[in-house]
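Residue numbers (this note's numbering): 80 to 241.
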């Protein structure tokens, strides 16, 4: 004899309402994102800048000292190279916009030796930490790379974005 549930195959009204509300919010958020991305306003409008004179102050696009210098730490690993290419692509897209706040760009390569992106992306090669100095925490190479970059670089901009 097979013993079954009395409500087998039927969904509770609470579950149906919960699923409906969840689908509504997911659809609403998706349509809002699509609509916003097509408006072409970019990050300045989101941050309150741009044509509307918002509260966030950006540098002037004409004064080189008020621009941002973008610095990126990287290794010679394939994934890091991919990230560097993507970041440099979007940097160049923002740099050509009117009144852009983008100044220079530096990829700080902390592997200690040049790689295949040297001709493609402005890069400064710095030395990695000495063996054992990271004590197993390999991301200590990044602050050490910034120290070396600040000692060697001639940065024209007053602001740095990392």
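Just so you know, even glycine gets a beta-carbon here, dropped at the ideal spot from N, CA and C.
Residue burial classification, residue i (beta-carbon count within 10 angstroms, cutoff 16)
i	result
residue 101	exposed
residue 215	exposed
residue 200	buried
residue 127	Here the model assigns residue 127 a pLDDT of 46, short of 50, so the residue's position is not dependable, and the following value carries that caveat. Flag for residue 127 reads exposed.
residue 94	exposed
residue 134	Since pLDDT at residue 134 reaches only 39, below the 50 mark, its modelled position is unreliable, and the value read off the structure follows with that caveat. With fewer than 16 Cβ atoms within 10 Å of its Cβ, residue 134 is classed as exposed.
Residue from the options whose Cα sits closest to the Cα of residue i
i	options	result
residue 148	185, 106, 179, 206	185
residue 203	180, 234, 175, 238	234
residue 232	96, 99, 179, 183	183
Simplified DSSP state of residue i, which is helix, strand or coil
i	result
residue 224	helix
residue 203	strand
residue 182	strand
residue 208	coil
residue 238	strand
residue 188	strand
residue 196	coil
Whether residue i touches residue j by CB criterion (7 Å)
i	j	result
residue 189	residue 209	no
residue 174	residue 166	no
residue 196	residue 227	no
residue 236	residue 176	no
Where the alpha helix (DSSP H) through residue i begins and ends
i	result
residue 157	157-174
N-terminal and C-terminal residue of the beta strand (DSSP E) that residue i is part of
i	result
residue 219	Residue 219 -> no beta strand (DSSP E), and no H or E assigned at all.
residue 150	147-153
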